[in-house]
Amino acid sequence: MHRADPEALAQREFDLIVIGGGITGVATARDAALRGLSVLLVEKDDFAAGTSSRSTKLIHGGLRYLETYQFKMVAESLQERERMLRLAPHLTTVRPFLYLLYRGYPETRFKLSLGLAFYDAASGQWRKRRHAMLNRQQVLDHEPNLNPEGLLGAGRFYDVLTDDARLTLDTAKGAAQAGAVLLNHARVTRLLIEAGEARGVRIEDQLGGGVVEVRGRQVLNATGPWTEQTRALEDGGPTGRLRPTKGVHIVLRKRDFPLNTAVFLRSPDDNRVVWPIPSLDDSLVYVGTTDTDYTGDPDAVAPNESDLQYLLNVANQTIPDARLDLSHVVGCWAGLRPLVAPLPGTSTGNTSREHTITAGSAGMLTISGGKLTSSRLMARQFVDAAVERLGRSTHRPGEPSRHPGERTGQRAEPSDQPSRHPGARHPGERRDLPIRTRWPRSRTATTPLPGAELDRLPGIRVRAAAAGVPAELVTAWIARYGSNAGGVLSRWLAAPEASEVIGPRWLTRAEVRYCVDEEMCRSVEDLMVRRTSLFYWDATGGVSYLDTISTELASRLGWTEEERVTQADAYRALVARHRPTPA
Ligand code: FAD
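When you read off a place in the sequence shown, starting at 1, and then add 517, the result is the number in this note's numbering.
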């Protein structure tokens, strides 16, 4: 995927302009582009720079929502989980989880086993991944370090771990492959409103500094925790429908906190459900999450000491012998849940994770709420809503509602055919959309994400081995890029110096080059946080390698020495804000 030239966009009109490059925005752009719509996506920072890189990194039904009887949402999410296992196998790993039962918990063994039976059945995979109820001794046989006091047993079930930022990036790649035009590091600062209707956006390029106005027949707001600010561009003021809550996670070393299986238990402070989860590579365990109201600037959300202490209390309750304090925290992150405001009197833990789609006064469509897991479904519904509005706006009053293509003898494109990307058009050109019965339907339920071609992996491994690439290196590439690891390998083979390891966890020059060339990486933070996740899983965040890493980026991106130093310093400061004690 390649970053669009902002200046070239000024001449163009798109069917849809999507604001926001989190999972919701990129999934929307991909859905629309796969239907043959022309789409521009604008992201003020980087893809997944908001909540979509700061989640619990689970593709899950959300067992705990059964507590509040959200059966439909849980069932829908489980079906999406199964779909994602098929469409993004390189980014989804099934893991066992133990839902622990201690004396005094509100869950009884019977209630938990009923909930888990529903979970099995709703996923449609009850034969393959069936839950089991374990007694106290069975739990301790599995996890001998767990707190035995008051332990009654557990329910073992299965859910899926992912890398949320990589999921967002590969979805963005899928959007680009389907023809969407993508622009990261570019902020929408104004809606172009004509005759009361939003007909485009003003964009400020955060890299080149230019300003462009781009036309779009429908504007879509997918800005998560920034939803209210984006709505204010249309309505002039916040509407108060969003109630963000802050969720913090901490990362601990497995040698300090010896846990092998993800567990759900209740916080000793407020009895909320919390979860320590071994990381994908099993060397670390992350513990989440807090859930507190947040009214500050979404750009400034960060963990504070009381968040960390709350999570350390959870860890010490789980394994009392660990005796953890702030010095054991390897890293942490904070995200905002863009939850839809509930009825008065509802607590944050009970606020709905379901999403809503609403049209504003100038016709901008806004999506709020939702989950990483349900992003494909949300995107489908969002594009359906957009297409419906586009269809209506091409229907002139007094004229029978029919596809204008019929007037010219054209036929609507069948939804199950690979759709041509029509490309963006110049202002004044029209390509009317079909009426309801002929809308191009979503194709995302059956289209795999880029990187999902697992049958290409043996070939990549053989090529790499023949070239003398260490097996660990190939494994790291495959874990991050799936079948696109071949793109990193090509760069490794192309130049002798590309094989040099210049960062933790096998970061080579070849990988940096791949991220710049193919993934629109434009800053040190883009590379370290979203592309490689070194920010999360390396105790130092990779800062000791920053000179070499930033020099490699500078040579690829044409930075001056001053820019390189600014970039490196900004990343160093970000790491410092997320490490309670120096590594
Ligand atoms: P975001 O990812 O925040 O994206 C919005 C984007 O809009 C941002 O990148 C921002 O920079 C951009 N933007 C804002 N204003 C502008 C502008 N003016 N111009 C251009 N761009 C703009 N879900 C799960 O399924 N599984 C989980 O395990 C899970 N865990 C979670 C844990 C926590 C702590 C939190 C907070 C959420 C969790 N969720 C989980 C929910 C999930 O992460 C979110 O629902 C999802 O990431 C929201 O994505 P989004 O695209 O709506 O928002």
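Ideal placement from N, C-alpha and C gives every residue a C-beta, glycine not left out.
Comparing C-alpha distances from Ala817 to each of Ser800, Ala851, Glu666, Val591 shows the shortest one belongs to Ala851.
Each residue's CA atom was taken as its position, placing Thr541 and Ser640 some 23 Å apart. Of the residues assessed, Gly717 falls on the buried side of the cut-off, its CB having 16 or more other CB atoms within 10 angstroms.
Of Gly887, Ser891, Gly886, Met881, the smallest CA-CA separation from Val904 is found for Met881.
Along the segment 779–831, the alpha helix (DSSP H) does not occur as any fully enclosed run of 4 or more residues. Judged by DSSP in its simplified three-state form, Ala902 adopts helix.
When DSSP states are grouped into helix, strand and coil, Arg716 belongs to the strand group. A distance of 8 Å or more separates the beta carbons of Glu970 and Ser1007. The three-state reading of DSSP puts Glu730 in strand, counting E and B together. The beta carbons of Gly670 and Arg626 sit about 6 Å from each other, so the pair counts as a contact at 8 Å.
DSSP places His1095 in the coil class of the three-state scheme, outside both helix and strand. Using a C-beta cut-off of 8 Å, the segment 731–741 makes contact with the segment 526–546, since at least three inter-stretch Cβ pairs fall below that distance. Per the coordinates, the alpha-carbon of Ile977 lies some 43 Å from the alpha-carbon of Pro761.
Note on geometry: alpha-carbon atoms of Gly621 and Gln654 lie some 19 Å from one another. The residue among Asp972, Ser892, Ala1002, Thr835 with its C-alpha nearest the C-alpha of Asp786 is Thr835. Closest by C-alpha distance to Val543, out of Val559, Glu745, Ser555, is Val559.
At a Cβ-Cβ threshold of 8 Å, Tyr616 and Leu629 count as neighbours. In this structure Gly725 is exposed. Its beta-carbon is surrounded by fewer than 16 other beta-carbon atoms within 10 angstroms. In this structure the segment 886–902 does not touch the segment 777–792; the number of beta carbon pairs closer than 8 Å is below three. Excluding residues up to 5 positions away in sequence, Ile536, Thr747, Met881, Thr883 lie with their Cβ nearer than 6 Å to the Cβ of Asn738 in the same chain.
Inclusion of Pro855 in the 7 Å shell around the ligand FAD follows from its C-beta lying nearer than that to a non-hydrogen atom of the ligand.
In the DSSP assignment, Met650 falls within the beta strand (DSSP E) that extends over 649–652. When the five nearest sequence neighbours on each side are left out, the beta carbons in the same chain lying within less than 8 Å of the beta carbon of Asp681 are those of Ile540, Ala565, Ser569, Ser570, Arg571, Ser572, Lys574, Leu889, in order along the chain. Taken through DSSP and simplified to helix, strand or coil, Leu669 comes out as strand. Taking C-beta separations shorter than 8 Å and ignoring five residues to either side along the sequence, the partners of Arg646 in its chain run Val611, Asp637, Ser640, Phe674, Tyr675, following chain order. Thr961 places its beta carbon less than 8 Å from that of Arg547.
For the pair Asn664 and Pro837, the CB atoms are nearer than the 8 Å cut-off. Arg897 is a Cβ neighbour of Ser959, given a cutoff of 8 Å. Within the model, the alpha-carbon separation for Ala1015 versus Leu1024 is close to 10 Å. Residue state for Gln642 is assigned as coil, using DSSP reduced to three classes. Of the other Cβ atoms in all chains shown, 16 or more fall within 10 Å of the Cβ of Val986; this residue is therefore buried. According to DSSP, residue pairing for Glu721 in a beta bridge involves Arg704, Val728.
One Cα belongs to Ser823, the other to Trp1054, and the distance between them is close to 22 Å.
Gln746 has its Cβ nearer than 7 Å to a heavy atom of the ligand FAD.
Just measuring C-alpha positions, the residue of His766, Gly713, Glu721 sitting nearest Glu751 is Gly713. Shortest Cα-Cα distance from Ser1067 to any of Leu1044, His648, Pro523 involves Leu1044.
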